[in-house]
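What follows is a set of notes on a single structure, which appears directly below.
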Amino acid sequence: MTLVWSSEQILALAPDAGSVKNGKALATASKWQNLGGTDKVLWGECQGSGKNPYQAQIDLSEPAFRCSCPSRKFPCKHGLGLFLLNASQAQLFTQDTPPAWVQEWLDKRSQTAEKKEEKQKAPVDLVAQAKRQQKRSDKVSAGIADLELWLQDLLSRGLADAQSQPYGFWDGMAARLVDAQAPGLARRVRDLTGIANSGQANWASELLMALSKIHLIIQGYQRLDGLEPGMAAEVRSQIGWTTSQDELMGLYHQGAAATQQDNWLVMGKSLTEEAVSNLQTQRVWLRGQTSGKLGLILNFAPRNQPLDVSWVPGVLVPAELVFFPGSYALRAIATSREDAQQPQAIHGDESIVMAIDRYQQALIQNPWLDRFPLLIKVTPVRHDGQWSVQDFQGNYLPLELVDLRGWQLLAMSGGESIDLMGEWDGQVLRPLGLWRDGNFWQVNSGEVWS
Amino acid sequence: MNAWETLVASALVGIDRQPPTVDFTDPALHDYQETLQSRSVTQQILGAAGLIAVYQTVGQGAGKTNLLLPEVANSTQLTCCSPQTTQHLSTILQENRYAEILPELLQLLAQAQQTVPPDFLPLLLELGKRDKKLRLSILPVLGNLGQWLVRQNCQWEYGLGANIASVDLASIQEIWATGSHSERSAALAQWRELQPAESRQALVASWKQEKADDRAAWLEILQTGLSLEDEEFLEVALVDRSEPVRCQAAHLLNQLPSQYRQRLTKLASELLVVQDTNDKYKIKINLPPEDAAEWIASGILSKPKAGSQQIITIERLSAVLIAADLDIWPPDLDQLVTSISKQSTGNVILKALAQAAGYQQRMDWIEALITHSPTTFHSFNIQAFLFLLAKNDQVVKERLFTKLLSTENSMKSFMETFEQSLAVMMLDQYWSANLSSLVIEKFYQYAQQQSYYYYVQQLGSNISTHLDISVLPKLQQMQEASAPDKFNYSNCVELLEFRRSIQAVFDTT
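Structure representation (structure tokens):
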């Protein structure tokens, strides 16, 4: 089934609220000329303030955008306006042969993809790579030794004493770990500040739990050679030992990486922003229609910079994913993908117990798992001002969302069960999207978690 | 204290002061105890904490409740609006732009028997909670799903009024007898439309038990289907202890050829002496003393209000003139209005006569007042005009406003008249193409003179919601012709373009 893009899905691609507003304003026929489209591409010319109209085009396979306007936003208001106009008045797109400026772009995109693949297949200088890795291992080992001493000192003096320490106490250790090229551990140490100063009654319990997870990583690193490869990769990843996409593709071409071909349902997308680094992290959660396997596409960008918009929640993308190594491999990238499709039917877990069981199985394999995607048949309910979802057996999970969003969720359900997707952190479920009667609705549209 | 609490207590004070006791009672963890005890104290406490934390998280299931799920909503009887209309709703409700257009969009939805998408229902209901004027527009587009949602949130109780349209009389009576204040108001209004006499009897039956504010509000509902059958009850309300109730009763009685009008016509005939001298009228008023029986007998201010003697007298005189039959005055209205406007008490008399003209539906009087005393138009009672306009067709209204706006005046007078006319005209939601065209021509003239930029911008924006969209090309021309330091028409043009795109969706469907 060819994908029909809904306005909701298109607007989810907008980089900010201003682009949503301006894109909508441009989604009227009077603003456009020479509109055309095929199954693969849309194009049109929009008269702006300049002499010549802006040429906007959309490659529907991802989707990807290009416009001749000078805007740095991506997609720009013209791309969004063109896409929205197509969603509401497809009959206006009467031309069916791409003009030269559209064809040129399509050809160029195709050439770029081929070049990228060739680069990934190029042989790697193994000696230089091993030398780099050894140098880093030495730095990380020194950093971890420093961290162990710091932990020992902290526990000897007690958590009550640590709570009264200034921010520099925590940030100093985090900075030394960054220097030791262990950014994953540095992030965990930096997060300890927030727990110690949370003001919550159970702060000491939470702090001990967080410290114990750091300790587990250290223990894992010290026994790295004895661990099975997946767990060893997970420990390295937790330390901050990233595998680049090129390295992963190198492993892929050597046949040394786990892959899965499937029709991937884009279940939901969440965005978090780190106050310190101003870095945005976008999580796109996927589920294989046939394999049932879960996937996570991560995308990072500085604040106000564009993120990858090609994974649109609610659609089905036939693709081959290659997974980053790990004890419970979730993170992946696509090696190849086809045009997105409209999913025929969505089947969430029938009960909360089933969904939580999946989470527990994943946690057994990866004790550091902080978020896990759940897709469950549930009904939203509100008791004593708190929102939760309940299944047919009376099991419930608390939700984290603003009150009005809860009412919208309830309105979408009409009191019946819906297929709700959310991120579960062991305490609360953050809803990201839902399906009802085949229609998808993005629950957290435009919301950023801190 | 369990194993976890023991570890936390030790970590809190420091392992130097209180070394941890690793004592796993759970058999699943027991095997690890020996391994941990061979490690350093720091490793013991962190290792044990890690084991327990992961073990507990993995074993933690979902909560279980006995609470019942909400009833399921009936499938809605209305169809959902188009994707284009959804975009328009999103612009208004989610981006908070063109909020003034929302009633028009909701009206178009109601006429097309469409409802809004489910996720917009809470946004609409929240708006209605804050803005009472919007409620009547919101109710018809809620559909079954919206009404179901209202029942889940007591803060949206006003939405239950929508239910009444589809229920039978027995249900209405039941709601009137047992419902909350807002439910009873909605039930009475609906009942009055269906059965004016029975609904009035129901109100009479509970009249003495109701609060003063409720009595005044429910009396207002009798405006629907008002007839002489209501007179007896209104006479009771006319001597109510609450002043808002008495005023509302007088307002309703003024609209009927009632005994109240007859009494006050008789009183006015006794008070007024109209002398016809050299084609001029001279009005003389013989006021009775403050405590004269005539006031009480006529139902005017049964309890004297506080205030100076002059104010009390003016109020009483106005009340008499507003209620009295206009036929007691000489038939040459042009001459009469001209003469009255030159008298010292002329303004009071003309204001009262304008209201009387409204109540008695006398267009001849309104036209005479506008023609010969346009500058006093702004002091007329807006409500009386609204009443008059509401009961006349578009042609009559346009004639009235065309006359009013075309009268030759000084610039100061024109500015005032234009503002006052707009205030009345804007009580009507939409204007015809002809009236819209006249208004924007006059507005252009007005904006060239008015120096309060923000005020003119606001007025222009308010006008744009009433204009017929056929004037869009004319507005665009004005935008091009207007000087840069004068009114900026771009907002008006933008608003009308948005309204045109909204209407286009419904025109095609």
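Just so you know, the sequences run in chain order G and Z.
Residue numbers for the first sequence follow the working numbering, beginning at 1 and rising by one.
Residue numbers for the second sequence follow the working numbering, beginning at 1001 and rising by one.
Glycine is no exception: its CB is placed at the ideal position from the N, C-alpha and C atoms.
Values in this document were obtained by computation on a predicted structure and should not be read as measured data.
The beta carbon of Pro313 of chain G does not come within 8 Å of any beta carbon belonging to chain Z, so the residue lies off that interface. Taken in chain order, the complete alpha helix (DSSP H) segments of 4 residues or longer contained in the segment 1162–1250 of chain Z are 1169–1178, 1181–1194, 1196–1206, 1212–1221, 1231–1238. With a threshold of 8 Å between beta carbons, Val1054 of chain Z makes contact with chain G.
Put simply, the backbone Cα of Cys1154 of chain Z is about 25 Å away from that of Cys1080 of chain Z. According to the DSSP secondary-structure assignment, Val315 of chain G is paired through a beta bridge with no residue. Collapsing the DSSP output to three states places Trp435 of chain G in a strand. Cβ proximity to chain Z below 8 Å picks out Leu151, Gln152, Leu155, Ser156, Arg157, Gly158, Leu159, Ala160, Asp161 from the segment 150–182 of chain G. With fewer than 16 other CB atoms across the displayed protein chains lying within 10 angstroms of its CB, His347 of chain G is exposed. For Pro367 of chain G, a Cβ of chain Z is located within less than 8 Å of the residue's own Cβ.
Minimum Cα-Cα distance from Asn22 of chain G among the listed residues G:Asp403, G:Leu224, G:Phe83 corresponds to G:Phe83. In this structure, the straight-line span from the alpha carbon of Thr1224 of chain Z to that of Trp1191 of chain Z is close to 10 Å.
Shown here, Glu274 of chain G sits in a strand according to DSSP, grouped into three states.
In this structure, Ile1349 of chain Z keeps its C-beta atom at 8 Å or more from the C-beta atom of Leu1326 of chain Z. The C-beta separation of Thr1006 of chain Z from Thr1021 of chain Z comes to about 6 Å, placing the pair in contact by the 8 Å criterion. Residues of the segment 342–370 of chain G that bring their beta carbon within less than 8 Å of a beta carbon in chain Z comprise Ile352, Val353, Ile356, Gln360, Leu363, Ile364, Pro367, in sequence order. Per DSSP, reduced to three states, the secondary structure at Ala87 of chain G is helical.
Each of Z:Leu1102, Z:Tyr1359, Z:Leu1369 was checked against the Cα of Asn1347 of chain Z, and the nearest Cα belongs to Z:Leu1369.
Put simply, of Z:Ala1099, Z:His1030, Z:Gln1060 the residue whose alpha carbon is nearest the alpha carbon of Tyr359 of chain G is Z:Gln1060. Taking 8 Å as the CB threshold, Gly1159 of chain Z stays off the interface with chain G.
Look at the segment 381–393 of chain G: the residues with a C-beta under 9 Å from a C-beta of chain Z are Val381, Arg382, His383, Ser388, Gln390, Asp391, Phe392, Gln393. Judged by DSSP in its simplified three-state form, Ala1028 of chain Z adopts helix. Check the Cα spacing between Gly1047 of chain Z and each of Z:Asp1023, Z:Leu1069, Z:Lys1064, Z:Ala1062: the tightest is with Z:Asp1023.
Within chain Z, the residues whose beta carbon sits less than 8 Å from that of Gly415 of chain G are Leu1069, Pro1070, Glu1071, Val1072, Ala1073, Trp1148, listed in sequence order.
Contacts with chain Z (Cβ-Cβ distance below 8 Å) from the segment 20–34 of chain G involve Val20, Lys21, Lys24, Ala27, Thr28, listed in chain order.
Neighbourhood of Lys213 of chain G in chain Z, by CB distance below 8 Å: Gly1050, Ala1053, in chain order. Secondary structure at Ile1015 of chain Z: coil, using DSSP grouped into helix, strand and coil. Annotation: Cβ neighbours of Leu1121 of chain Z in chain G (cutoff 9 Å, chain order): Trp407, Gln408, Ala411. Secondary structure at His253 of chain G: helix, using DSSP grouped into helix, strand and coil. Taking CB atoms only, Ser1490 of chain Z has no neighbour in chain G less than 8 Å away.
Nearest to Lys119 of chain G by alpha-carbon distance, out of G:Gln365, G:Asp246, G:Leu271, is G:Asp246. Within the segment 1013–1028 of chain Z, Val1013, Gly1014, Ile1015, Asp1016, Arg1017 place their CB atoms closer than 8 Å to a CB of chain G, listed in sequence order. Counting the other CB atoms within 10 Å of its CB gives Asp1119 of chain Z a total of 16 or more, which places it among the buried residues.
Taken through DSSP and simplified to helix, strand or coil, Tyr1055 of chain Z comes out as helix. Exposed is the label assigned to Gly226 of chain G, since fewer than 16 other Cβ atoms lie within 10 Å of its Cβ. Taking Ala1073 of chain Z as reference, the option from G:Gly414, G:Trp441, G:Asp425 with the minimal CA-CA separation is G:Gly414. Closer than 7 Å at the C-beta level to chain Z, one finds no residue of the segment 125–143 of chain G.
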